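So the sequence shown is numbered by this note's numbering: it starts at 8 and just counts up by one. Shown next, in structure tokens, is the structure this report addresses.
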Amino acid sequence: IKTIKNASFELVPDVVKNSINGLDTALLAFMLELKKQHKRKQHILITRDINLRIQCDALGIQSENYRIADELVHSDKRYGGVSRSFLSKDNINMLYQMGQVPKEAIEAEPYPNEFFVLKSDEQSSSAIARYDHDKKNFIRVGDNKNIFGLTPRNKEQNFALDLLLDKNINLVSLTGPAGTGKTLITLAAGCKQTINDKYYERMIIIKPIQPVGKDLGFLPGSLDEKLAPWISPIKDNLNFLFRTPDSKTGNSNKNNHHKQDNHYLSLLFEKKVIEIEAVAFIRGRSIPNAYIIIDEAQNLSMHELKTIITRAGEGSKIILTGDVEQIDHPQLDINTNGLTYAIEKFKNHSIAGHVSLIKGERSALATLAAEIL
């Protein structure tokens, strides 16, 4: 405390003072004073603020990121929700005929609701199954077709829909690069269960207010008007799901009578069947019987995500979506963000499931950009 009081702000160059706030300047002055008074000792500033760590590097101050979750997650061991294993031909036949095989048929020790791609040998066709922790069986995964007009394009999307449509799973997490369909299939499953099936009373969408690049500052208007720029990607996906004619064939979708026009979508927002909620106002709420989507969850801290998840009331389901490789929050990284932390913490529990989507379906350009940039 004495060192902080006596810290000389003159040790901090003017160019640095003018570019950061007063608290950061005080921290830098404090660290420089420590180095000056105790030259033989090592001093490290621990902070999640990447900009402050850059300033430390420029001034010769040793700094490190705050990594509470490093002991939980390593990039080469991050849980993906999907494994591959070999199964005898007899057991594969049993899986197709009976719809399940016992746990002992596979040598691996599975997590609850983990998906398996099973083959009898390298050349054989594969079967897909999900491990049911309560029944101690591998259950065959069927084809999820025409989910609110959407059909999965790859097995990972099929796995994701299998979790999203399972009423016994209360928390689903979906990760993957841009364009893999995380948000779209989550919204499609939500619309089916909320609008068509009436299983949930409403669908609530929560998205962190985290800009890409320089912040534009405060936005005018009501809460809905302030949130409008942030929820544009969500509305783009909803407009796609509620489109009237098929853009390719020109034929109306006869299987979903709700998809008449986008006026119906506006009416759903007016009647609060579909709601947009701000993270800042979520504390203290209890939300029962709702399908809750937390989009771009990688930009939430562990504390923020815990606050949101604990709002879920009886009969609610929470879906976390995001790409841990694209984090816009300056104080979070691939290991310390709330999404990574939640995936690791919930992977041993049967009320939760996770899938990492791999294949980009948005466009060839988007897929290539996600791989090489």
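Each residue gets a CB set at the ideal place from its N, CA and C atoms; glycine is no exception. Keep in mind the model is a prediction, meaning the values are calculated, not measured.
Per DSSP, E163 is one residue of the alpha helix (DSSP H) stretching across K162 to L171. For Q333, there is no enclosing alpha helix (DSSP H), since its DSSP letter is neither H nor E. Assignment of V280 by DSSP, reduced to helix, strand and coil, places it in the coil class. Between the alpha carbons of R91 and A134 lies a distance of about 10 Å. Unbroken alpha helix (DSSP H) stretches of 4 residues or longer found wholly inside the stretch 81-124: 96-105, given in chain order.
Beta-carbon to beta-carbon, L191 and N244 are separated by about 5 Å, close enough to satisfy the 8 Å threshold.
In this structure, DSSP gives F145 an extended state, which the three-state scheme calls strand.
DSSP, reduced to helix, strand and coil, places E378 within a helical segment of the structure shown.
Under the three-state reduction of DSSP, R137 is assigned to strand. Apart from the 5 residues on each side of it in sequence, I326 sits with its Cβ closer than 6 Å to the Cβ of V179, T193 and I300 in its chain, given in chain order. Separation of T54 and L339 (C-alpha to C-alpha, rounded to the nearest whole angstrom) is 10 Å. Look at K352 here: in three-state DSSP terms it is helix.
Take S308, set aside five residues on each side of it, and the residues of its chain with a beta-carbon closer than 6 Å to its own are G345, in chain order.
Judged by DSSP secondary structure, A33 falls outside any beta strand (DSSP E) and instead within the alpha helix (DSSP H) spanning G29 to Q44.
When the alpha-carbon of P295 is set against those of N165, Y348, D64 and Y206, the nearest one is in Y206. Contact between the stretch 314-326 and the stretch 58-75 is absent, with fewer than three C-beta pairs closer than 8 Å. Going by DSSP, L52 is part of the beta strand (DSSP E) stretching over I51 to I53.
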